[in-house]
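Residues 777 to 1237 in the working numbering are what the sequence shown spells out, letter by letter. Just so it is clear, CB atoms sit at the ideal spot from N, CA and C, and this is done for glycine as well.
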Amino acid sequence: MKEDTQLVIQRLRKGLGAQGFSQAVNLFIRLAEVPLFLAFWGPERYGEWLMVAAIPAYLAMADGGFTGTTQREMTMRMGAGDRQGALASFQSTWVLLLILSTALFGVFALAVTLLPLSDWLKLSSMSSTALQYVILLLTAHVIVGFQCGLIYGGYSCEGRYGRGTVLATFMYLFDFAGLTIAVVLGGGPVEAAMGYLAGRLLGYLIFLFDLKNVAPWLRRGWKNATSANVATLVRPSFASMAFPLGEALNIQGMRLLIGLMLGPIAVTVFSTLRTLCRSAMKPTLIVARLIEPEMALAFGGGRHNLIQKLFTKSSQITLWSVLPACLLLWFLGEPLLGLWTRGQIKLDVSLYILLLLSSAANSLWSTALMVPYATNRHEGVAVRFLIINGALLLLAGFLMSSIGLSGAGVALLFSELAMAVWVLRAAFSLSEVPLGYWLRAVVRPPIPAFKAILRKAFFRS
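1) Counting C-beta neighbours from all protein chains within 10 Å, is the total for Asn1138 16 or more, i.e. buried, or is it exposed?
2) Within 10 angstroms of its Cβ, does Thr941 collect 16 or more other Cβ (buried), or is it exposed?
3) Of all the CB atoms in chain D, is at least one closer than 8 Å to the CB of Gly1166?
4) Quick one: is Glu1070 buried, meaning 16 or more other Cβ sit within 10 Å of its Cβ, or exposed?
5) Find out if the Cβ-Cβ distance for the pair Ala856, Gly1077 is shorter than 8 Å.
6) Assuming Ser1142 and Thr1094 make a contact with CB atoms under 8 Å, what is their CB distance in whole Å?
7) Of the choices Val918, Gln923, Phe922 and Leu890, whose alpha-carbon is the least far from that of Leu907?
8) For Gly938, report the span of its alpha helix (DSSP H) as first-last.
9) Are the region 1021-1035 and the region 816-828 touching, with three or more C-beta to C-beta distances below 8 Å?
10) Just to check my reading of the structure: Gly1166 and Leu1025 have Cβ atoms closer than 8 Å, yes? What is that Cβ distance to the nearest angstrom?
11) Verify whether the separation of the beta carbon atoms of Val1147 and Leu1189 is less than 8 Å.
12) Helix, strand or coil for Met970, going by three-state DSSP, please let me know.
13) Take Arg936 and list the residues in its own chain whose beta-carbon comes closer than 6 Å to its own, dropping the five residues that flank it on each side.
14) Taking 8 Å as the threshold (C-beta atoms), are Ala1001 and Ser868 in contact?
15) Using only alpha-carbon positions, find the residue among Ala815, Gly979, Thr1060 and Leu977 that is nearest to Gly962.
16) Between Trp993 and Leu863, what straight-line distance do the alpha-carbon atoms span, to the nearest angstrom?
17) Is DSSP giving Trp993 helix, strand or coil here?
18) Helix, strand or coil: which one does DSSP assign to Thr846?
19) Taking 8 Å as the cut-off, decide whether the C-beta atoms of Met1195 and Ala1184 are in contact.
20) For Leu1132, report the span of its alpha helix (DSSP H) as first-last.
21) Take Leu1171 and list the residues in its own chain whose beta-carbon comes closer than 7 Å to its own, dropping the five residues that flank it on each side.
22) Between the alpha carbons of Gly1212 and Arg859, how many angstroms are there, rounded?
23) Quick one: is Asn1081 buried, meaning 16 or more other Cβ sit within 10 Å of its Cβ, or exposed?
24) Tell me the rounded alpha-carbon separation between Thr1044 and Gly1119.
25) Report the rounded CA-to-CA distance for Ile1067 versus Ile1164, giving the unit in angstroms.
26) Cα-Cα, which of Thr1008, Pro1100 and Ala1015 is closest to Cys1053?
27) Roughly how many angstroms lie between the CA atoms of Gly735 and Ala800, to the nearest whole one?
28) Among Arg1031, Glu1110, Met1017 and Phe1174, which one has its Cα closest to the Cα of Phe1161?
29) Helix, strand or coil for Met1030, going by three-state DSSP, please let me know.
30) Under 7 Å from any heavy atom of the ligand FAD, does the C-beta of Leu1038 make it?
31) At the level of alpha carbons, what is the spacing between Ser901 and Val966?
32) Would you kindly report the start and end of the unbroken alpha helix (DSSP H) that includes His1154?
33) How should Glu1208 be labelled, buried or exposed, when 16 other C-beta atoms within 10 angstroms of its C-beta is the threshold for buried?
34) Specify, as a first and last residue, the run of the alpha helix (DSSP H) that Leu886 falls within.
35) Let me know if Arg1011 comes out buried or exposed under the rule of 16 or more other beta-carbons within 10 Å of its beta-carbon.
Below, the structure is given as structure tokens:
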């Protein structure tokens, strides 16, 4: 048992470094994107790009949720020592994704040809033909991402999720590099989308090459694919669809709504402030993605005590990481925004406060979500996530009609608080951790954990 615990700690340490690198790169991309587009395209064209890029993002749910569910199923099977079962799950989903991707790309291509999207979006700097090319290129980008996500399952089930995360991070860098080169060289939205897709294809090829070293037994093909394997994944997969759809409603849907109600400039202001505030949530994302594969391995191996410990410790660390970050952003918000955007975006104080509070509220439930999610028992939470984010847009639309852009911030805060209630209830029930015990653990600053992280970061042996 002690040896198993040491292995878990070693994997977590490696994964922590990889997730820290991933979130640092993600933050860099989000922060660099704004001045890049503002400098070369200006606020209006950038706002239109954000609106158009939001459309293919909805295709992220078109894999039926099977990619993420298969990752977790493979990991749980390997935790139980069932390598053959993990391979069968992988190949079954690989075949399914090929069929779905081909059909969905055809349907999407037909839709953008027949529907008057340019008229609906009221774009001024992008022609109808350019709009079609951009959407199709970004759709291809999402479809390639399905295969990358499935391949990541091989790293997760082998306990090498740290290495998989590093490769995925480089893939995001390739995406951004392709996008940046196109924009800097004077390209428009079509060229930017082409560069974006080229970066994703390069990352996919690297994933394929490296997988042979990590999991040589994990082969693409259909020999072990069965309809029975697909059937076992249907319910949790369809439930998983609610998360990308809810996220799309929350992020891309909000952009579209603001653009239609208040115009592209308002989209740029809101997206810029939200990006700055969401930087405080990076510790939450690091910890959640770090513990997800360990939760799945622990569940597959029947180690219930480890699940409880991962739940309470992760909640404690994220809360005490996000709150100081939000306070720091509050005091430094205006100078940071001025430096970041070169004075092109002014600070909307009321909206900024609401977005910071939303980030703090998110820390209450994001890591707790891993208890049902990592074990594929998330159906109830997923449905509520979708409902809450659908209601978010309705509430935001109503409030923005009377109080302007701040209405979107109020709606976001309510949605985060509602999710905290439902997710924590599910996590307490599944982990059998009492509310009182969780509260006592979470309110204590995790000083030993922070010291260990600092030693790891600055005093590597």
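Concretely, from the data shown:
1) By the 10 Å Cβ count, Asn1138 comes out buried.
2) That one is buried.
3) The chain inventory of the structure shown lacks chain D, comprising one protein chain alone.
4) Buried.
5) The criterion of a C-beta distance shorter than 8 Å is satisfied by Ala856 and Gly1077.
6) That pair is a contact at about 7 Å.
7) Looking at the Cα atoms, Leu890 is the closest of the given residues.
8) Here the alpha helix (DSSP H) through Gly938 covers Tyr937 to Val960.
9) As far as the Cβ criterion goes, the region 1021-1035 touches the region 816-828, which means the pair count is three or higher.
10) Contact flag correct, Cβ pair sits at about 6 Å.
11) Taking the C-beta atoms as reference points, Leu1189 is found no nearer than 8 Å to Val1147.
12) Secondary structure at Met970: helix, using DSSP grouped into helix, strand and coil.
13) So the list reads Val990, once near-sequence residues are dropped.
14) Yes, the Cβ-Cβ distance between Ser868 and Ala1001 is below 8 Å.
15) For Gly962, the nearest C-alpha among the options comes from Ala815.
16) Looking at the two C-alpha atoms, the distance is approximately 8 Å.
17) The answer is coil: DSSP assigns Trp993 none of H, G, I, E or B.
18) In this structure, DSSP gives Thr846 a helical state, which the three-state scheme calls helix.
19) Not closer than 8 Å, so no.
20) In the DSSP annotation of this structure, the continuous segment of the alpha helix (DSSP H) that includes Leu1132 starts and ends at Val1125 to Asn1138.
21) Here the set comprises Ala1187 and Phe1190.
22) Our two residues, Gly1212 and Arg859, have alpha carbons roughly 39 Å apart in a direct line.
23) Asn1081 should be labelled exposed.
24) So the alpha carbons of these two residues sit roughly 13 Å apart.
25) CA-CA distance, Ile1067 to Ile1164, rounds to 25 Å.
26) When the alpha-carbon of Cys1053 is set against those of Thr1008, Pro1100 and Ala1015, the nearest one is in Pro1100.
27) With the chain covering only 777 through 1237, there is no way to say anything about residue 735.
28) Sorting Arg1031, Glu1110, Met1017 and Phe1174 by C-alpha distance to the C-alpha of Phe1161 places Met1017 at the top.
29) Under the three-state reduction of DSSP output, Met1030 falls in the helix class.
30) Of the ligands one can find in the structure shown there are none, so the ligand FAD has no counterpart to examine.
31) The C-alpha of Val966 is placed about 12 Å away from the C-alpha of Ser901.
32) No alpha helix (DSSP H) holds His1154; DSSP gives it neither H nor E.
33) Glu1208 counts as exposed, since fewer than 16 other beta carbons sit within 10 angstroms of its beta carbon.
34) Counted as a single uninterrupted DSSP element, the alpha helix (DSSP H) harbouring Leu886 occupies residues Arg859 to Leu890.
35) Residue environment analysis places Arg1011 among the exposed positions, since fewer than 16 neighbouring C-beta atoms fall within 10 angstroms of its C-beta.
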